[in-house]
Every structure is written in structure tokens, then in C-alpha cells.
Amino acid sequence: MSPEQDLLAKWRSLPKEKQEEVLDFVEFLYVKNSVKKASLGERLRQIRTKIVASGKPLLDEEGIAKELASRRGGLQSCDSWDKFQQVLNKVPDIEPEDYDKFDYDKS
Numbered sequence: 242m243s244p245e246q247d248l249l250a251k252w253r254s255l256p257k258e259k260q261e262e263v264l265d266f267v268e269f270l271y272v273k274n275s276v277k278k279a280s281l282g283e284r285l286r287q288i289r290t291k292i293v294a295s296g297k298p299l300l301d302e303e304g305i306a307k308e309l310a311s312r313r314g315g316l317q318s319c320d321s322w323d324k325f326q327q328v329l330n331k332v333p334d335i336e337p338e339d340y341d342k343f344d345y346d347k348s
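Take our numbering: the last position of the sequence shown gets the number 348, and nothing is skipped along the way.
(1) Taking only the alpha-carbon atoms, compute the straight-line gap between residue 261 and residue 273 and give it to the nearest angstrom.
(2) Tell whether a beta-carbon distance below 9 Å holds between residue 263 and residue 255.
(3) Between which two residues does the alpha helix (DSSP H) containing residue 335 stretch?
(4) For the candidate residues 295, 324 and 294, whose alpha-carbon lies nearest to that of residue 307?
(5) Which stretch, first to last residue, makes up the alpha helix (DSSP H) that contains residue 249?
(6) Going by DSSP in three states, residue 306 sits in which element: helix, strand or coil?
(7) Using DSSP with H/G/I as helix, E/B as strand and the rest coil, what is residue 284?
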């Protein structure tokens, strides 16, 4: 007996409400597998494309720092970006461990 025949025979032996549950589950699996999910990298590129198309300028490093600061309680002073750069310049420039590297080809 083929898997399809076995499945159909078992499905036919179930009560009507259980048959409906099986059909619902099969539909769920079908939809789940038929919809191709976009990768994170692809979704981010789509978002960037929409922003560029809207005419809004993309944030530079300073803009990103200000945005983060505003979301984390606000800027403490006007020169916080300069302070950030001073601290960042003190951090040694070292190669990250392999597990900390981001593989752009996999995203």
C-alpha cells in the first residue's frame, strides 16, 4: 500500500470532525511550505529601497547615534557624538572572533 493510500484509508476511518481537523492541518502545512519567507537581508534591502524612493535621506553614523540616544533617554549634551567618537577611538581595532562575524552571503 502506498503512503497516499495508507493515509486515505486511515483518514476515512476517522469521525467527520477528526477528518476536518486533518484537512485543516494539511492546509496549514501546505500554506506554511508554499509561502517563501524573505531573508532578513532581503527584507532590510526592501526597506532601504522604500526609504530611498520616498526621498528621505538615509542616516549617517551621527544620525544613527542620535536616533539611538533619543530612544534610550535622549542626548545628554550637544557634544555626545564627539564624546562617543573619542571613546570609540580608544577601543583597539581587532578582528572579531569567527562566531561574531556576520556572513552577508547567508542573509
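All C-beta atoms, glycine included, are put in the ideal place defined by N, C-alpha and C.
Working from what's here:
(1) 18 Å
(2) yes
(3) Neither: residue 335 is in no alpha helix (DSSP H) and is coded neither H nor E.
(4) 324
(5) 244-253
(6) helix
(7) helix
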